[in-house]
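The structure appears right after this line, and notes come after that.
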Amino acid sequence: MNVVSVVNLFAGYGPYQALMDLSFSIEEGESVAIVGSNGAGKSTVARVLSGLVPISSGMATVLGCDVRVTPTHELVRKGLIHLPEGVGLFTNLSISENIELRCRNLPRIERRQRVEEAMEIIGSLSHRRTTLARDLSGGQQRLVAISSAIVARPAVLLCDEPVIGLSPVAIEGVYEVLRQAQSHGVTLLLVESRADRVQGLCSRTIVLERGQLAFDGPSNTAQGFVANRWLKDPPRSN
Amino acid sequence: MNEFLSFAIGGLPFACSYALVAVGIVLTFRATGVFNFGFGAMAYGAGVTYVELCSHGVPSWLSLLIVTVVLAPVFGALLDWGLFRRIRTADLTSKVVTSLGLMVFLPSMVQIVIGSTTVYSAPAPFLSTYFTTLFGISISGPVIATLVTTIVVLMVMTLGLRSRRVGLTLRASVQSPRLVELHGVDSGKVLRNAWMVSSSLAALAGCLYAPQFATQNPSAYNVLLTGAVAAAALGAISSFTLAVAGGVLLGVLQGVIPGYLSPNSVWYGALVPSIPFFMLLIMLLTHRGFRSLDRSKDPMSVVEPPTAPPGLARRSEILGFSGRIVNWLAVVGLVIVAIIFVPEVWVGTLTIAASMAIIFLSVTLLTGLAGQLSLAQMVFAGMGAYGTARLSTHHHWSLGMSLIAGTMIASLGGLVASLPALRLRGLPLALLTLCFALLADNLIFPATFVGSGSSSIGVRRPDIFGVDFSGPFSRNYLVMVVAFLAMTTFGVRLLIHGTTGRMLTAAHSSEIAAASSGVPMRRTITIIFMLSAAVAGLGGGLYAIALGSLSTPDFNSALGPVLLVVVITMGAASVRGALIAGVAFVALPQALALAPSRFGGGGQSSAITIVVLSVGAFTYAQHPEGIVTFIQGRLKVAGLRVRNLRGDSR
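Chains as they are written, first to last, in the working numbering: chain A, 1 to 238; chain B, 1001 to 1650.
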């Protein structure tokens, strides 16, 4: 069953078209990476799917909802979680408040259980639950964001460059948490700039070039495709 | 002890009103990021509506319900839908300007709607004739009713805000409405609810406040706003509990202190009204929370970028070099024709308009160029005016020397105001300058060594080289003021297009980047504050000479926000905006007064002028360049289209 479906999609910012005639679909429980150079339209795909960027033409559905007519908060209530590029945390809230915000509609006892569960996933920060998010390092903030998303039990998790600017150790920490999300049966859509990083995590990779689909296939062949392609025609920002 | 308690109880109605509005301010600021300067005006509108309903025979309790439960939430929802939803991702400055527009626009609008007749007070909503005695202290029914109503409302609010569903969502919404949507929250609904609740709080405060005064006056509600702002400042506009505590503390102090002072003492008239301003001043200068008020950045600003700050709103020149020459020649020609041919009755108006245009140019310097929001420009103008008047009339200095000294006194005022500006920006700075303006209103201008208490000071006209400048319709004096205006305009243009202008524009983009590029930030900000105050002082001095006599209301602090909003409407980033604003601000009420009543003539001309000239504050987030530059841009686009069409037809 398709949980994400994109058909002949055109979208952009004002007069600038970031995505052109894009089509793909993702099945339930699948882990897919969207790879491309700067300006290829990777983040725009994530923003379109969560309703943050309007569609010019074409169609996109998430969990059976047409994103053209469904507001962002309704998509989230249906089970989509989008962790935007950068952090995706409220820096003026504490760690536990950020986690509670994701689960605010649950009864109090269950909400506390979810906070404990998230703190277990984060591990090293369990004694700093009242610390404001702004006082955490970039890697720690992303761990909190992903763990709070996991305990909210999403059907589809959209992660936009979760490891950008992180050290190799922090990257491994974030990927470990994403593997835990996969083990919960979450459909994962990972936006990344490097094809080699996603091999162990995603079975399928979609490569975008200047807003258009360049490759859609197994991750182990995607790296070779990207390397060959970029050797012949180095990527340029649009 | 009984005496103390009876004085404290006397201050409780004020305490309740302060606490309610303070909670409304904190609520809207935390939920929407808007610091609503318009709450005083909203309370005034609610108070007047309550009084009007009572005067038409509606029972007072029912009037209160209609205003607070029906009309105020609808008004709040309309404000959200028509105004604040459109600027939810704008920067703090744009939000402050919009709320200042509301502060200026609403009272005038209320006056237009209800007419110019005086609105008398109404009975208290509940227990208006009840009296009781508790521990030997007599307490009136309205005080009990006000206290109980406020406690019940604040308890309900506290319970609601303590819940995770409401409280957390509110705190998250202020940082990023987009990100909160990604957490499954309908941010539009959160913002609308916040506006509806805070409008009801302002309306309740207005209805409880209205019976305290014999007649309803917007200035009384400005005092309510200032008290509430001071109360909210106790917790750096983020704590509901401290806002309520601040409101109660202020109200009780205002009840107790006058009780122990003689009504004839200097302290009674000066200190008591200044208590909120001192409290606000101390909090602004000492509370660390204010320094980080504007530093919370929206992590989703990439998706919906905020508008450019005012300094960056300056566009490249719309006209070419020859076009600019023709433009300025046309302006000079028009001024010469106006000076020679204008009827005598309009000479005085034009003289005052030209002096006001100089004062408006000070806003161009500080807000348009430096991007600092100052609500104290009228105080600097007042310093120049009183300095000129005092030195020329009481110390018999020559008028030229008095004018120079007045300008220097205003410049020193600017230096004092710039000291906190070195640490504060945006909203805290605007609040600080408001504080400065209100202190000047209460302590500086009424002092006998500055003004003459309640009486006015005469200002004589100059007599230079035998040329007569006397008389209210002196064309010679008009020429002199226009010459000063031309020189100031030239100087401000040089500053905008010179090194200082470039340094300030760079600082607008990023203060850190500008400082690392060698821009001396502290020195530049101090200089621009002093220059701006000097320009305002010069305009104030010329204005005082044009008036012929000075009294305290001529430089009322309430005019500060009006000045800022009018210049922003016309265009704070260009000298044209200030010049047109000055002429329109003075000439439009005169012209409207002469017009038939169906075209807005008669007693409402000043209110209509303010309404017309303040609407630009509501479009500031979308068009920070102002009406003048916007129209010029549109005209140029239309001209280019016509030219292209002609080219195509050939």
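Just so it is clear, CB atoms sit at the ideal spot from N, CA and C, and this is done for glycine as well.
Residue i: first and last residue of the uninterrupted alpha helix (DSSP H) it sits in
i, result
"A1041/B", "1039-1055"
"N1036/B", "Counting along the chain, N1036/B falls outside any alpha helix (DSSP H), and DSSP gives it neither H nor E."
"N1222/B", "1218-1233"
Beta-carbon gap between residue i and residue j smaller than 7 Å
i, j, result
"A1231/B", "Y1018/B", "yes"
"G1426/B", "L1154/B", "no"
"I1009/B", "I1112/B", "no"
"I1282/B", "V1272/B", "no"
"G1413/B", "F1380/B", "yes"
"M1356/B", "G1582/B", "yes"
"A1410/B", "L1550/B", "no"
"S219/A", "V198/A", "yes"
"T1488/B", "V1535/B", "yes"
"A181/A", "V226/A", "no"
"V191/A", "P154/A", "no"
"L1579/B", "L1432/B", "no"
"A1236/B", "G1167/B", "no"
"V115/A", "G58/A", "no"
"V53/A", "T44/A", "yes"
"I1137/B", "L1005/B", "yes"
Exposure label - residue i; buried when at least 16 CB within 10 Å
i, result
"A1313/B", "Since pLDDT at A1313/B reaches only 48, below the 50 mark, its modelled position is unreliable, and the value read off the structure follows with that caveat. Buried: at least 16 other Cβ atoms inside 10 Å."
"S141/A", "Reading off the sequence, residue 141/A comes out as Gln, not Ser. Burial call: buried."
"M1/A", "exposed"
"A1194/B", "buried"
"E1181/B", "buried"
"D1080/B", "buried"
"R1315/B", "No answer about R1315/B holds up, because its pLDDT of 48 lies below 50 and its placement is not dependable."
"P1310/B", "Unreliable positioning characterises P1310/B in this predicted model, as indicated by a pLDDT of 48, which lies under 50. The coordinate reading is nonetheless provided below. Counting Cβ neighbours within 10 Å, P1310/B comes out buried, since at least 16 surround it."
"S237/A", "Because the pLDDT at S237/A is just 47, under 50, the model does not fix this residue reliably, and the point stays unresolved."
"E110/A", "exposed"
"E130/A", "For the record, residue 130/A in the displayed sequence is Thr; it is not Glu. It is exposed - the Cβ of T130/A has fewer than 16 other Cβ atoms within 10 Å."
"E27/A", "exposed"
"N1442/B", "buried"
"F1277/B", "buried"
"Q1622/B", "exposed"
"A1330/B", "exposed"
"R1165/B", "exposed"
"I1528/B", "buried"
Closest Cα partner of residue i within the set the options
i, options, result
"V163/A", "P154/A, V177/A, A155/A, P54/A", "V177/A"
"L1366/B", "V1612/B, L1147/B, V1492/B", "V1492/B"
"G88/A", "A145/A, E117/A, R102/A, R134/A", "A145/A"
"G1653/B", "I1631/B, L1102/B, A1595/B, T1505/B", "Absent from the model: residue 1653/B. The displayed extent of chain B is 1001 to 1650, so no value can be given."
"R229/A", "T44/A, V207/A, N220/A, G211/A", "V207/A"
"V1244/B", "L1020/B, N1002/B, V1566/B, T1489/B", "L1020/B"
"G1571/B", "L1329/B, G1368/B, G1400/B", "G1368/B"
"T70/A", "I55/A, P84/A, L83/A", "I55/A"
"L1613/B", "V1069/B, A1591/B, L1495/B, A1584/B", "A1584/B"
"L213/A", "L19/A, V3/A, V4/A, A11/A", "L19/A"
"L143/A", "S43/A, N38/A, A118/A", "A118/A"
"I1404/B", "F1484/B, R1643/B, R1171/B, N1644/B", "F1484/B"
Continuous beta strand (DSSP E) stretch holding residue i: start and end
i, result
"V214/A", "The question names Val, yet the displayed sequence has Ala at residue 214/A. Run containing A214/A: 212-218, per the beta strand (DSSP E) assignment."
"M20/A", "16-27"
"H73/A", "Unbroken run through H73/A is the alpha helix (DSSP H), 72-78; no beta strand (DSSP E)."
"R265/A", "Outside the shown range of chain A (1 to 238) lies residue 265/A, about which nothing can therefore be said."
"T1158/B", "Unbroken run through T1158/B is the alpha helix (DSSP H), 1141-1162; no beta strand (DSSP E)."
"L188/A", "187-192"
"N1476/B", "N1476/B -> not in any beta strand (DSSP E); alpha helix (DSSP H) instead, spanning 1475-1497."
"Y1620/B", "That residue, Y1620/B, is in no beta strand (DSSP E); it is neither H nor E in DSSP."
"L9/A", "2-13"
Cβ of residue i within 7 Å of any chain E Cβ
i, result
"N228/A", "Here the protein chains are A and B, and chain E is not one of them."
Could you tell me whether the region 1024-1031 of chain B touches the region 1195-1213 of chain B, where touching means 3 or more Cβ pairs closer than 8 Å? Under the Cβ criterion (8 Å, minimum of three pairs), the region 1024-1031 of chain B counts as touching the region 1195-1213 of chain B.
Three Cβ pairs or more, each shorter than 8 Å: is that satisfied between the region 1245-1262 of chain B and the region 1006-1015 of chain B? yes
Contact between the region 1120-1138 of chain B and the region 1209-1227 of chain B (3+ Cβ pairs under 8 Å): Three or more beta-carbon pairs separated by less than 8 Å link the region 1120-1138 of chain B to the region 1209-1227 of chain B, which places the two stretches in contact.
So does the region 1037-1051 of chain B actually touch the region 1224-1241 of chain B, counting three or more Cβ pairs closer than 8 Å? Verdict: yes, contact present.
Taking one C-beta from the region 53-64 of chain A and one from the region 86-103 of chain A each time, how about it: are there three or more such pairs within less than 8 Å? No: the two stretches stay apart, fewer than three of their Cβ pairs being nearer than 8 Å.
Is it a yes or a no for the region 1543-1558 of chain B touching the region 1346-1362 of chain B, going by three-plus beta-carbon pairs under 8 Å? yes
Quick one: any contact between the region 1515-1526 of chain B and the region 1392-1406 of chain B, if contact means 3 or more CB pairs under 8 Å? The region 1515-1526 of chain B vs the region 1392-1406 of chain B: no contact.
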